[in-house]
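Numbering (my numbering), first residue to last: 21 to 365.
The beta-carbon is built from N, C-alpha and C at its ideal position, and this holds for glycine as well.
Written out below as structure tokens is the structure these notes cover.
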């Protein structure tokens, strides 16, 4: 059972659609290259090594959380870490980002995938969570996360990021049985991974469906919804979950049907319009990360605009529409968080 101070934290209260004394805020990629403390560590350690070194992953998580004064920490990791123990050859190359050297093409490729045992093959993530939890303030929640089935499948098929996800869509349309077998495999392993994160000390989990906005509503309903639904349905009872995607304005109702106590809304949808569509649900979002390059007065003005759209409803968690960009001024991030914390409806 959670300590009362943690259970009653503004962030967890907002996840449960309960009133809060102020709007809680955390930011995706809040531990990242925009922060000098993070750059100092990355100058010495490659990205994948940082992810796989629990003490360092915990250090960058806690440092960012304390420096910013946010209402939740998110463990430093990457959505693709689960793919290596499943049998994918993953590399983070400078300039190109993540690359998978043995992409999925056939049923045989799917059948070769291994089920993960998180306590063995992803123990570094679990240890980072445990260590982070021990060093965070007792009343500050910690978020665990994973990539959603569609986004992971798209990486596995494309071999890297893509502009149009043509290989992924062609795979869905021409090999639907193989597609569903791949998605079922991913869903099964994501449940294990996220529940292991919860057991290690995460109070909330977020499912990142970063690329699902490339799909039509019909494709989402046919090829994605049942698999994301399977993940949310099997999470440890009582643990709040966040369902996030980008460019998903056409998919919000379907994402809500798939699951999640909190629906992440990116900056392409007005917050009040999203709430009118979704009804009784918590919503996370949704400032454009590029706004943080403007002067601080404009940053605060735009934050207040979004907070006015929330209208004092219980269940609003302030966040960006996507992650903090690498050259964002730290002082502007601090100004944003202060503007959110001091705003009163």
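Leaving out five residues before and five after residue i in sequence, what residues of the same chain have Cβ atoms less than 7 Å from its Cβ?
i, result
"residue 241", "274"
"residue 42", "30 and 361"
"residue 90", "45, 46, 47, 50 and 357"
"residue 320", "355 and 359"
"residue 254", "211"
"residue 38", "334"
"residue 191", "177 and 199"
So for residue i, helix, strand or coil by DSSP?
i, result
"residue 97", "coil"
"residue 226", "strand"
"residue 336", "strand"
"residue 289", "coil"
"residue 142", "coil"
"residue 45", "strand"
"residue 153", "helix"
"residue 189", "helix"
"residue 74", "helix"
"residue 251", "helix"
"residue 357", "helix"
"residue 237", "helix"
"residue 55", "coil"
"residue 220", "helix"
"residue 195", "coil"
"residue 127", "helix"
"residue 373", "Residue 373 is absent from the structure shown; the chain starts at 21 and stops at 365."
"residue 29", "coil"
"residue 365", "coil"
"residue 317", "helix"
"residue 91", "coil"
Which one or two residues does DSSP pair with residue i in a beta bridge?
i, result
"residue 120", "110"
"residue 166", "227"
"residue 263", "227 and 283"
"residue 302", "282"
"residue 307", "340"
What number of angstroms, rounded off, separates the C-alpha of residue i from the C-alpha of residue j?
i, j, result
"residue 178", "residue 94", "27 Å"
"residue 256", "residue 277", "19 Å"
"residue 304", "residue 125", "36 Å"
"residue 326", "residue 284", "14 Å"
"residue 258", "residue 145", "22 Å"
"residue 102", "residue 214", "10 Å"
"residue 367", "residue 186", "Only positions 21 to 365 of the chain appear in this structure, which leaves residue 367 out of reach."
"residue 121", "residue 106", "14 Å"
"residue 329", "residue 292", "5 Å"
"residue 61", "residue 143", "22 Å"
"residue 287", "residue 267", "8 Å"
"residue 159", "residue 271", "34 Å"
"residue 162", "residue 225", "9 Å"
"residue 135", "residue 40", "41 Å"
"residue 155", "residue 75", "11 Å"
"residue 153", "residue 218", "11 Å"
"residue 70", "residue 59", "12 Å"
Within its chain, find whatever has a CB closer than 6 Å to the CB of residue i; leave out the 5 residues flanking it on each side and keep chain order.
i, result
"residue 150", "220 and 221"
"residue 337", "34, 44 and 304"
"residue 232", "170 and 265"
"residue 104", "110"
"residue 73", "none"
Enumerate in chain order the residues of its own chain whose CB-to-CB distance from residue i is below 8 Å, with the five nearest sequence positions on each side excluded.
i, result
"residue 344", "47, 48, 49, 50, 52, 54, 309, 312 and 353"
"residue 99", "165, 166, 167, 171, 172, 228 and 230"
"residue 318", "311"
"residue 57", "80, 83, 84 and 87"
"residue 298", "272, 273, 276 and 283"
Assuming residue i contacts residue j (C-beta within less than 8 Å), just tell me the rounded distance between them.
i, j, result
"residue 199", "residue 243", "6 Å"
"residue 139", "residue 78", "Not quite, the Cβ-Cβ distance comes to about 18 Å (not below 8 Å), so this is no contact."
"residue 128", "residue 96", "The Cβ separation is near 35 Å, so there is no contact."
"residue 248", "residue 279", "7 Å"
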